[in-house]
Amino acid sequence: MDLLAIEHQTVFGLPPVEFVELAAELDCPYIAIGLTGGAFNPHGYEPYSLLDDTSLRRRMVAAMRDTGVTISLGEGFLARPGREIRDEARSLDVMAELGVARINTTSMDSDLNRSFDEFRILAEMAAERGMETTVEFAPSMSVPDLDTALAAVRHVAHPDFRLLIDTMHLARAGHTARELAAVDPTLIGYVQLSDHTIEQRGAVYRDDTTDRMVPGEGELPLLEMLAVMPSDVVIGLEVPMRSRAEAGESTTSRAGRCVRAARELLAQTWPSI
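Counted the way our numbering counts, the sequence shown spans residues 660 to 932.
What follows is the structure, given as C-alpha cells:
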C-alpha cells in the first residue's frame, strides 16, 4: 500500500496542474498543497492563486481525476496574533472543493490559550466541510514540542483533530523514538518525512527547514522513528532543498530522489506492506 505524498514545500512553487502530473509520474498517490506558491521560487514558476483562480481549480481537479492523484493535506492555516481563524472560511471552502482530506495548523501566537481555542474553531470549521485537521509542532513555533501539541489535542477534544509528526522537528525538539512510541498511535494523523543534521546548521531555524536532506542521507534516526509510527497514515515528503534548487537541480530530480529513498526506508520498516 503506497501512502507517499509529495509536500507543497518540496516543489518550491511548481504550479498545481504540473504538481499533480509530477506526483503521477513518480507514482505517488498524494500531494500536499498551499493555495499559493510560496515566497521561494528558484525556478521562476508562474505565480498562482487557487483561492482566486476558478479556472485553475477546475484544471487541477481535472488533472487529479485523470491521474488518480488526490490531496492529502492543505497547508496555510496559522493561528496568529490579531487575526481570527474564522476569517479562513473561504480558504477552507476552496480546500474542500479541491477534495482535500485534511488541513494542517500550528501557531505563531505566544498566547497558547488563544491558540488552542483557535485550533478548536478551525477543527470544527474543517469538519463541517468534511476535512480532518492536524496540528504540527516545531521548535521555532509557539507549539514547540510534542508535549505542547498533545496538550492542544486534549484541549480541542475533537475526533478529527490529531498530530502531524515532522521527523526533523521531532528530532530538533529533543524527542526520541521511544517518546513517540508512548503516544497513542490513533492520535497521529499525518507524518512528514525528511532528513537533516541533529544540530542546527543555519543562522536561524528557518534556514534549516527550507534546506533539508534526502531521507537516509542525514543524521536523523529515521528507521527508529518510522518503526513506531502507525503504518496506515500518509507519509508526506517535506524535503525542500534550497541549495540544490539554487544550484540548478530540477524539481523532478529532487522529488524523484526523495521518493526513491523513502520507499527504500519504508521497505525496511514495513516489508510486508
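Even for Gly, the Cβ is constructed at its ideal location relative to N, Cα and C.
Rounded to the nearest angstrom, the gap between the Cα atoms of Ile744 and Phe736 is 8 Å.
For Ala816, the closest alpha carbon among the candidates Val892, Phe778, Gly877, Arg717 is that of Phe778. Residue Arg831 holds the alpha-carbon nearest to the alpha-carbon of Leu805 among Ala760, Arg831, Ile690. A residue is called buried once 16 or more other Cβ atoms fall within 10 Å of its Cβ, and Ala738 is buried on that count.
By the neighbour-count criterion, in which a residue is buried when 16 or more other Cβ atoms sit within 10 angstroms of its Cβ, Asn772 is exposed. Looking only at Asp776, Asp711, Arg903, the smallest Cα-Cα distance to Val670 is reached by Arg903. By DSSP's assignment, Ala738 forms a beta bridge with Ser766. The closest CA to that of Glu905, considering only Glu666, Pro675, Gly703, Ala683, is found on Gly703. By the neighbour-count criterion, in which a residue is buried when 16 or more other Cβ atoms sit within 10 angstroms of its Cβ, Thr793 is buried. Residue pairing of Val794 in beta bridges, as defined by DSSP: Thr764, Leu822. Shown here, Thr695 sits in a strand according to DSSP, grouped into three states.
The C-beta distance from Met827 to Ser853 rounds to 5 Å, short enough to fall under 8 Å. As computed with DSSP, Ser774 is found in no beta bridge at all. In this chain, Gly848 is not harboured by any alpha helix (DSSP H); it is covered by the beta strand (DSSP E) spanning 847–852.
Distance from the CA atom of Asp891 to the CA atom of Leu732, rounded to whole angstroms, is 15 Å. No residue range can be given for Ala862, since it is assigned to no beta strand (DSSP E) and is classified by DSSP as neither H nor E. Burial check for Ile857: the Cβ neighbour count within 10 Å stays below 16, so the residue is exposed. Rounded to whole angstroms, the separation of the alpha carbons of Gly907 and Gly877 is 21 Å. A straight line joining the alpha-carbon of Cys687 with that of Ala797 spans about 26 Å.
When C-beta atoms of the stretch 780–788 are compared with those of the stretch 748–759, three or more pairs fall below 8 Å, so the two segments count as touching. In this chain, the beta strand (DSSP E) harbouring Ala664 covers 663–665.
Distance between Met767 and Pro740, taken at the CA atoms: about 7 Å. A straight-line Cα-Cα distance of about 21 Å links Arg718 and Thr911. Looking only at Thr726, Leu710, Glu677, Leu925, the smallest Cα-Cα distance to Leu881 is reached by Leu925. Around the beta carbon of Glu705, fewer than 16 other beta carbons sit within 10 angstroms, so the residue counts as exposed.
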